[in-house]
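Just below is one structure, and these are the notes that go with it.
Number of protein chains: 2
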Amino acid sequence: MEKQTATQVFESLSSGIRLDIYRLLVKRGLEGMVAGQIASALDLPPNNVSFHLKGMTHAGLVSVEQEGRYQRYRANLPLMLELIAYLTEECCAGHPEQCAEIRADSCCPEAVLPPLPKTEMES
Amino acid sequence: MEKQTATQVFESLSSGIRLDIYRLLVKRGLEGMVAGQIASALDLPPNNVSFHLKGMTHAGLVSVEQEGRYQRYRANLPLMLELIAYLTEECCAGHPEQCAEIRADSCCPEAVLPPLPKTEMES
DNA sequence: TGTATATTTCAATAATTCTTGTATAGTTGA
DNA sequence: TCAACTATACAAGAATTATTGAAATATACA
Chain A
1 MEKQTATQVF ESLSSGIRLD IYRLLVKRGL EGMVAGQIAS ALDLPPNNVS FHLKGMTHAG
61 LVSVEQEGRY QRYRANLPLM LELIAYLTEE CCAGHPEQCA EIRADSCCPE AVLPPLPKTE
121 MES
Chain B
1 MEKQTATQVF ESLSSGIRLD IYRLLVKRGL EGMVAGQIAS ALDLPPNNVS FHLKGMTHAG
61 LVSVEQEGRY QRYRANLPLM LELIAYLTEE CCAGHPEQCA EIRADSCCPE AVLPPLPKTE
121 MES
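First to last, the sequence lines map onto chains A and B. Counting in UniProt numbering, the first sequence runs from 1 upward without gaps. Counting in UniProt numbering, the second sequence runs from 1 upward without gaps.
Shown next as structure tokens:
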């Protein structure tokens with residue numbers, strides 16, 4: 001996955017309205033929803049919903065299909081799975097045993113820290 | 001998970017710089033990185049990195065621990081797992097068989113659509 | 001045809017976010 | 001204590017994004 005794709009998806013989900021839309025569509029699965037249904041379900045002006053749907057579509061987060069005079073939107077779940085893979089790519093590189101540890105615990109544990117390298121600030 | 005938590009995390013990852021920081025920290029795992037290391041690794045002004053790290057910390061996406069005069073940052077992977085669960089909550093509600101279908105295919109398939117309900121636009 | 005419906009587009013304003021430079025606070029070690 | 005270093009806080013301008021109302025496009029149906 002390209003970095004721009006990832007940031008676009010995150011940008012899409014960074015708004016409460018778009019997050020609501022996405023979660024609504026996830027619940028609907030393959031059935032999806034038409035634009036007006038989404039607007040009335042969330043009690044928002046249709047043109048505002050359309051504005052957000054356009055951005056989400058451009059980011060690939062949702063797909064749209066014309067159905068007569070309706071536009072049916074569906075969540076693109078596989079993209080989300082790709083995104084997760086992108087985020088955890090090379091997770092704990094070189095120390096795979098840490099991955100299991102991190103994933104199992106409730107939060108980054110107050111683990112014993114390795115001492116700082118003698119040469120400070122080398123990348 | 002609360003909606004605000006989710007939007008804050010997504011907002012954090014919607015910037016290319018913050019996404020780079022997060023992925024860098026994910027790779028480092030429990031070791032993490034100190035602020036100056038992050039800045040020089042990404043070739044960015046330290047105060048700009050500090051600005052972004054503050055937001056990420058506030059969103060809970062990274063944790064910070066003081067280490068003498070250094071501030072050591074680590075990615076909060078468990079939060080990401082919670083976030084994914086939040087997103088796919090009630091996925092395909094009422095039609096669990098669709099979930100497997102969606103997850104298996106490469107993208108939302110051009111599935112056969114159910115006909116529109118006779119009463120248009122009811123939520 | 002003509003009218004109603006669904007959705008999008010456009011323009012304008014309000015609000016937020018990003019980046020840079022400068023200044024401040026805290027830590028280290030001589 | 002003093003000087004060097006790490007990191008954050010603050011302020012200002014540029015840039016981006018959100019919301020609303022009005023207008024436009026396209027489909028459906030009588």
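Don't be surprised by glycine CBs; every beta carbon is placed ideally from N, CA and C.
task: Please compile the residues from chain A whose C-beta is within a distance smaller than 9 Å of the C-beta of residue 49/B.
output: Under the 9 Å cutoff, chain A gives no residues; its nearest Cβ is about 13 Å from residue 49/B.
message: From the DSSP secondary-structure annotation, give me the bridge partner or partners of residue 4/B.
response: Answer is none; residue 4/B lacks a bridge partner.
- request: Specify, as a first and last residue, the run of the beta strand (DSSP E) that residue 67/A falls within.
  value: 62-67
task: State buried or exposed for residue 1/A, treating a residue as buried only when at least 16 other CB atoms are found within 10 Å of its CB.
output: exposed
query: What is the residue span of the alpha helix (DSSP H) that residue 88/A lies within?
result: Careful: residue 88/A lies outside any alpha helix (DSSP H) and carries neither H nor E.
- request: Determine the direct distance from the alpha carbon of residue 17/A to that of residue 9/A, and round the result to whole angstroms.
  value: 14 Å
query: Hey, is the segment 54-66 of chain A in contact with the segment 74-88 of chain A, meaning 3+ C-beta pairs nearer than 8 Å?
result: yes
query: Going by other Cβ atoms of all chains shown within 10 Å of its Cβ, with 16 needed for buried, is residue 106/A buried or exposed?
result: Any reading at residue 106/A must be qualified, since the residue scores a pLDDT of 27, below 50, and its modelled position is unreliable; the value itself is stated next. Exposed, since its Cβ has fewer than 16 Cβ neighbours within 10 Å.
task: May I have the straight-line CA-CA distance separating residue 13/A from residue 15/B, to the nearest angstrom?
output: 12 Å
message: Below 7 Å on C-beta distance, what does residue 3/A contact in chain B?
response: 16, 19
Where residue 52/A falls, given that 16 or more other Cβ within 10 Å makes a residue buried: buried
query: Going by DSSP, which residues form a beta bridge with residue 33/B?
result: 73/B
- prompt: Are the C-beta atoms of residue 29/A and some chain B residue less than 9 Å apart?
  reply: yes
- prompt: Under 8 Å Cβ-Cβ, which residues of chain B neighbour residue 6/A?
  reply: 13, 19
message: Here's a check: name, in chain order, each residue in its chain whose Cβ is nearer than 7 Å to the Cβ of residue 48/B, leaving out the five neighbours to either side.
response: none
message: Could you give the first and the last residue of the continuous alpha helix (DSSP H) run that contains residue 20/B?
response: 16-28
message: Assess contact between the segment 80-93 of chain B and the segment 19-35 of chain A, defined as three or more Cβ pairs (one per stretch) separated by less than 8 Å. Is contact present?
response: yes
task: Return the residues of the segment 51-63 of chain B that lie within a Cβ-Cβ distance of less than 7 Å from chain A, sorted by chain order.
output: 63
task: Check the Cβ-Cβ distances between residue 44/A and every residue of chain B, and say whether any is below 9 Å.
output: no
query: Are the CB atoms of residue 38/A and residue 84/B nearer to each other than 9 Å?
result: no
- prompt: Are there 16 or more other CB atoms within 10 angstroms of the CB of residue 69/B, so buried, or fewer, so exposed?
  reply: exposed
query: the ligand MN heavy atoms versus the CB of residue 36/A: any closer than 8 Å?
result: Looking for the ligand MN in the displayed structure turns up nothing, as the structure carries no ligands at all.
As assigned by DSSP and simplified to three states, the class of residue 45/A: coil
field: Whole-angstrom C-beta distance between residue 61/A and residue 22/A, which should lie under 8 Å
entry: 6 Å
field: Beta-carbon separation (whole angstroms), residue 36/A vs residue 45/A, contact threshold 8 Å
entry: About 11 Å; that fails the 8 Å criterion.
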